[in-house]
Every structure is written in C-alpha cells, then in structure tokens.
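Engineer: Numbering (my numbering), first residue to last: 1067 to 1249.
Where a beta carbon is used, it is the ideal one built from N, C-alpha and C, also for glycine.
Keep in mind it's a predicted model, so treat the numbers as computed, not measured.
Here it is, the structure in full.
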C-alpha cells in the first residue's frame, strides 16, 4: 500500500501552476493536475470546485484582513485601519516566487484574469462590510476601500519586484505618494 503524502491541497496548487505555465490554462485538465500531484480527480474536487479555483481557493487573505480591520484601534481613522490591515497581508501570502508565477499565468488567461477580479471584489466587499460595522456610512466605506485597494495593488507590484522590501512599508509609501499628490 502506498504511503499517504500530506499537503494534498498544496501539491494540487503547485501541480496546477506548473501545468498552466507549460501548457496553458485552457489546455490543462483536472485529471492532469491530479495525476501530476499524485492524487485522483476525486481528491481534486475535495479541495476545489473547478480548475480555476486551484489558484484562488480559500479566503485566508479576506479573513485575515477583515479580522485586522475589526480588531483595529478605534482611534484609527477608517482609512488608517484598512491600510494597517493591508500592510499585514504578506503574513498570509504564499511565497514570492509562487505569486510571481501565478501573476504571469493569470495575465495569460482571460478566464483567470476575470476570476482574479472577482476575488478582489469579494475582498473589497468584505472590507467595506467591516468598515460599516465600525460605523462608517456605506458610500464612504466603499470609497475608502476602493482607494485602499488601489494603494494595495501598487504596493503588491513593488513587493513582487523587490525581494528586500517590507510589504507594510510599501503600503505606507504608496499611501504617502497619493497624499503628496493632493498636498
């Protein structure tokens, strides 16, 4: 009887990324992903509803950010609470190398690019709800989150390009650049 190997979800994620890179998202099947990971198709579907979700499954980042906003010091302004939370996002990110590879795969596939936008919108909605629970008016909460997500995108692209940069410092830098534009 073969020895059971742990981290089935991680093995599937790594196998999918490798196959998406070498043969493209559209030409990769769930059966190929499972086989490459040393698992069955049935095992694949225990972790993911479809092959797109192998790069997007889980809500660790969303849960982490919402918890940080909800637990933030009440004296912080809403934007400060969100930016402080975003500055800790790297605590739940996968390795920089994995994320760089993932970005390239997503950019090469319209279906994955669409799913990435949906995932980001889900995170933004959750953060807006967290701000509303702090008493922020819904329209203002949405505006704050839209600005914060733009800051986060800028910080993330810089973080992926600079292995020595601290993510929280890059979030602060991007926010300062935006403030300087109106100063």
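(1) When the Cα of residue 1234 is compared with those of 1147, 1121, 1107, which residue comes out closest?
(2) Use the C-beta contact count for residue 1082: other C-beta atoms within 10 angstroms, 16 or more gives buried, fewer gives exposed.
(3) Would you mind reading off the limits of the alpha helix (DSSP H) that contains residue 1073?
(4) Mark residue 1222 as exposed unless 16 or more other C-beta atoms lie within 10 angstroms of its C-beta, in which case mark it buried.
(5) What are the complete alpha helix (DSSP H) segments, minimum 4 residues, inside the segment 1149-1196?
(6) Among the residues of its own chain, which have a CB less than 7 Å from the CB of residue 1181, if the five just before and after it don't count?
(7) Just to confirm the assignment: which complete beta strand (DSSP E) runs, minimum length 3, are found wholly within the segment 1103-1142?
(8) In chain order, which continuous runs of the alpha helix (DSSP H) of length 4 or greater are located wholly inside the segment 1191-1229?
(9) If we count Cβ pairs, one from each stretch, closer than 8 Å, do we get three or more for the segment 1225-1240 versus the segment 1192-1209?
(10) When you compare the CB positions of residue 1012 and residue 1145, do they come within less than 8 Å of one another, or not?
(11) Hey, residue 1131 and residue 1193: beta-carbon distance below 8 Å or not?
(12) Which value, in whole angstroms, describes the spacing of the CA atoms of residue 1203 and residue 1188?
(13) With distances taken Cα to Cα, identify the nearest neighbour of residue 1207 among 1094, 1103, 1135, 1107.
(14) Quick one: residues in its chain with C-beta nearer than 8 Å to the C-beta of residue 1087, no 5 flanking neighbours on either side, listed in chain order?
(15) Please state whether DSSP places residue 1095 in a helix, a strand or coil.
Structural biologist: By the coordinates alone:
(1) For this step, residue 1234 is matched to residue 168 along the chain shown. Ranking the options by Cα distance to residue 1234, first place goes to 1147.
(2) Along the chain shown, read from residue 1 onward, the residue named residue 1082 stands at position 16. Buried is the call here.
(3) Taking the chain shown and counting its residues from 1, one reaches residue 1073 at position 7. Counting along the chain, residue 1073 falls outside any alpha helix (DSSP H), and DSSP gives it neither H nor E.
(4) The residue labelled residue 1222 in the question sits at position 156 within the chain shown. Its Cβ being crowded by 16 or more others within 10 Å, residue 1222 is buried.
(5) 1162-1173
(6) Here residue 1181 refers to the residue found at position 115 of the chain shown. For residue 1181, where only same-chain residues beyond five positions count, the Cβ hits under 7 Å are 1118, 1122.
(7) none
(8) 1204-1227
(9) no
(10) Residue 1012 is absent from the structure shown; the chain starts at 1067 and stops at 1249.
(11) Here residue 1131 refers to the residue found at position 65 when the chain shown is read from its first residue. Here residue 1193 refers to the residue found at position 127 when the chain shown is read from its first residue. The answer is yes: Cβ separation under 8 Å.
(12) Against the chain shown, residue 1203 aligns to sequence position 137. Against the chain shown, residue 1188 aligns to sequence position 122. If I take the Cα positions, the gap works out to 19 Å.
(13) If you number the chain shown from 1, residue 1207 lands on position 141. Closest by alpha carbon: 1135.
(14) Working through the chain shown from its first residue, we reach residue 1087 at position 21. Taken in chain order, the residues that qualify are 1167, 1170, 1171.
(15) The residue labelled residue 1095 in the question sits at position 29 within the chain shown. In this structure, residue 1095 counts as coil in the three-state DSSP scheme.
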